[in-house]
Amino acid sequence: MDINYELYKVFYYVASTLSFSEASKQLFISQSAVSQSIKTLERKLDQVLFIRSTKKVQLTPEGEILLRHVEPAMNLIKRGEAQLLDSASTGGQIRIGASDTICRYFLVPFIERFHKAFPGAHIKVTNATSIQSVELLNSGQVDFIVVNSPNAYLGSVTKIKRIKIFQDVFLANQSFKELKGRQLSFQELLEYPILMLDKKSTTSEFLHNLFQQHHLDLVPEAELSSNDLLIDLARIGLGIAFLPDYCIPPDDPDLFVVKTKEDLPSRELLAVHSQHLPLSKAASAFLNYFEEV
Numbered sequence: 001m002d003i004n005y006e007l008y009k010v011f012y013y014v015a016s017t018l019s020f021s022e023a024s025k026q027l028f029i030s031q032s033a034v035s036q037s038i039k040t041l042e043r044k045l046d047q048v049l050f051i052r053s054t055k056k057v058q059l060t061p062e063g064e065i066l067l068r069h070v071e072p073a074m075n076l077i078k079r080g081e082a083q084l085l086d087s088a089s090t091g092g093q094i095r096i097g098a099s100d101t102i103c104r105y106f107l108v109p110f111i112e113r114f115h116k117a118f119p120g121a122h123i124k125v126t127n128a129t130s131i132q133s134v135e136l137l138n139s140g141q142v143d144f145i146v147v148n149s150p151n152a153y154l155g156s157v158t159k160i161k162r163i164k165i166f167q168d169v170f171l172a173n174q175s176f177k178e179l180k181g182r183q184l185s186f187q188e189l190l191e192y193p194i195l196m197l198d199k200k201s202t203t204s205e206f207l208h209n210l211f212q213q214h215h216l217d218l219v220p221e222a223e224l225s226s227n228d229l230l231i232d233l234a235r236i237g238l239g240i241a242f243l244p245d246y247c248i249p250p251d252d253p254d255l256f257v258v259k260t261k262e263d264l265p266s267r268e269l270l271a272v273h274s275q276h277l278p279l280s281k282a283a284s285a286f287l288n289y290f291e292e293v
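Note that UniProt numbering gives residue 275 to position 275 of the sequence shown, counting from 1, and the numbers run on in steps of one.
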């Protein structure tokens, strides 16, 4: 079936914004032209793609299916355009996906170094969990991601660079000072309030799996979306926080690491990109900053 690319382009902008008027603004065409394009596409596909009402626009199930295929294609086209504009004089464009924690506690010095070396380069960082970052990579919305490992969501089409080994720790304040100098078993830890990241994170999956390997059911006191919040709550004595060691505030007299009898396996930070898609000069230059562990 021969369908003009422009029709899919209009469909993508309407589906992304769920607004005919907003799509017309972004495409610099009239709203009536947008509406006519969608009608033409629906007629050619013999499918209704949108549910229209006076207040809002919604995708039909058929529209959602089409979007899942069109969105990666549009992102690939955008990536191609960006790479064509890439030049030594400007440094091009770089799009990174990583969690708030990885950005703040690991990536910032590398971003600073890159910015000084390529002051004309455009840097876009999309914050997402390590699980969600894989989705960003698969849909072509980022050039590469920096994520925690183990990460069961990484597919076989990715190229992986191991860039840092780290250890997770249990962090407590002086409310739990009786634990200083002791080694607690995982079973004993369950007697205390545990603070950890929510279930949509690889860190949460890692800790739950670790306890399950010892036939223990971990029920945390609180699950949060930020390691910074975990540290804040640990600092006021709400519980014992589980987080990567590179997040521990330096020289904080109120906090200490709770030792465990069982070994906590080390984890890794990975830089990941698709092995089937070429990297821009800017992205390649950034990845070269990372030394393989």
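Cβ atoms here follow ideal geometry from the backbone N, Cα and C, with glycine treated the same way.
Collapsed DSSP secondary structure at K161 in the structure displayed: Taking the sequence shown and counting its residues from 1, one reaches residue 161 at position 161. Of the three classes helix, strand and coil, the one that applies to K161 here is strand, per DSSP.
Whole alpha helix (DSSP H) elements within the stretch 55–113, 4-residue minimum: DSSP runs (the alpha helix (DSSP H)) wholly in the stretch 55–113: 61–85.
Status (buried if at least 16 other CB within 10 Å, exposed otherwise) for D168: As a working mapping, residue 168 is identified with position 168 in the sequence shown. Looking at its Cβ environment, which holds 16 or more other Cβ atoms inside 10 Å, D168 is buried.
Considering only DSSP beta bridges, list what V257 is partnered with. Within the sequence shown, the letter at position 257 stands for residue 257. DSSP links V257 through a beta bridge to L171.
I231 - DSSP class collapsed to helix/strand/coil: By 1-based counting over the sequence shown, the position of residue 231 is 231. In the structure shown, I231 sits in a helix (DSSP, three-state: H, G or I).
What is the DSSP secondary structure of H115, counted as helix, strand or coil? As a first step, residue 115 is located in the sequence shown; it is residue number 115 there, counting from the start. DSSP places H115 in helix when its eight states are reduced to three.
Touch check for the stretch 152–166 and the stretch 265–278: three-plus C-beta pairs under 8 angstroms? The stretch 152–166 vs the stretch 265–278: in contact.
CA nearest to the CA of L49, picked from Y12, E62 and R68: Here residue 49 refers to the residue found at position 49 of the sequence shown. Out of Y12, E62 and R68, E62 has the C-alpha closest to the C-alpha of L49.
So, for L59: in the same chain, excluding its five sequence neighbours on each side, which residues have a beta-carbon less than 8 angstroms away from its beta-carbon? The residue labelled residue 59 in the question sits at position 59 within the sequence shown. Correct list, in chain order: A15, L18, L49, F50, I51 and L67.
Quick check on this structure: which residue in V70, S53 and E64 has the alpha carbon closest to the alpha carbon of I3? Along the sequence shown, one-based indexing puts residue 3 at 3. It is V70.
Member of Q141, E112 and T202 whose CA lies at the smallest distance from the CA of L130: For the purposes of this step, residue 130 is taken as the residue at position 130 of the sequence shown. Correcting the residue identity first, residue 130 is Ser in this sequence and not Leu. Minimum Cα distance to S130 is reached at T202.
Compute the Euclidean distance between the alpha carbons of K259 and Q187, then round it to the nearest angstrom. Along the sequence shown, read from residue 1 onward, the residue named residue 259 stands at position 259. Along the sequence shown, read from residue 1 onward, the residue named residue 187 stands at position 187. Going by the C-alpha atoms only, they are around 13 angstroms apart.
Would DSSP call N4 helix, strand or coil? Taking the sequence shown and counting its residues from 1, the one referred to as residue 4 is at position 4. The answer is coil: DSSP assigns N4 none of H, G, I, E or B.
L18 - DSSP class collapsed to helix/strand/coil: Counting from 1 along the sequence shown, the entry for residue 18 is found at position 18. In the three-state reduction of the DSSP assignment, L18 falls in the coil class.
Along the beta strand (DSSP E) that carries L269, what are the first and last residues, could you check? Position 269 of the sequence shown, counting from 1, holds the residue named residue 269. For L269, the enclosing beta strand (DSSP E) covers residues R267 to S274.
For I96 and S133, what's the separation of their Cα atoms in angstroms? Counted from its first residue, the sequence shown places residue 96 at position 96. Counted from its first residue, the sequence shown places residue 133 at position 133. If you take the alpha carbons of I96 and S133, they lie about 9 angstroms apart.
What is the rounded straight-line gap between the Cα of R162 and the Cα of S204? Along the sequence shown, one-based indexing puts residue 162 at 162. Along the sequence shown, one-based indexing puts residue 204 at 204. For R162 and S204, the distance between alpha carbons rounds to 21 angstroms.
If you drop the 5 nearest sequence neighbours on each side, which residues of the same chain put their C-beta closer than 7 angstroms to that of D198? Along the sequence shown, one-based indexing puts residue 198 at 198. Apart from sequence neighbours up to five positions away, the residues of its chain that approach D198 with a beta-carbon distance below 7 angstroms are S204, E223, L224 and S225, ordered along the chain.
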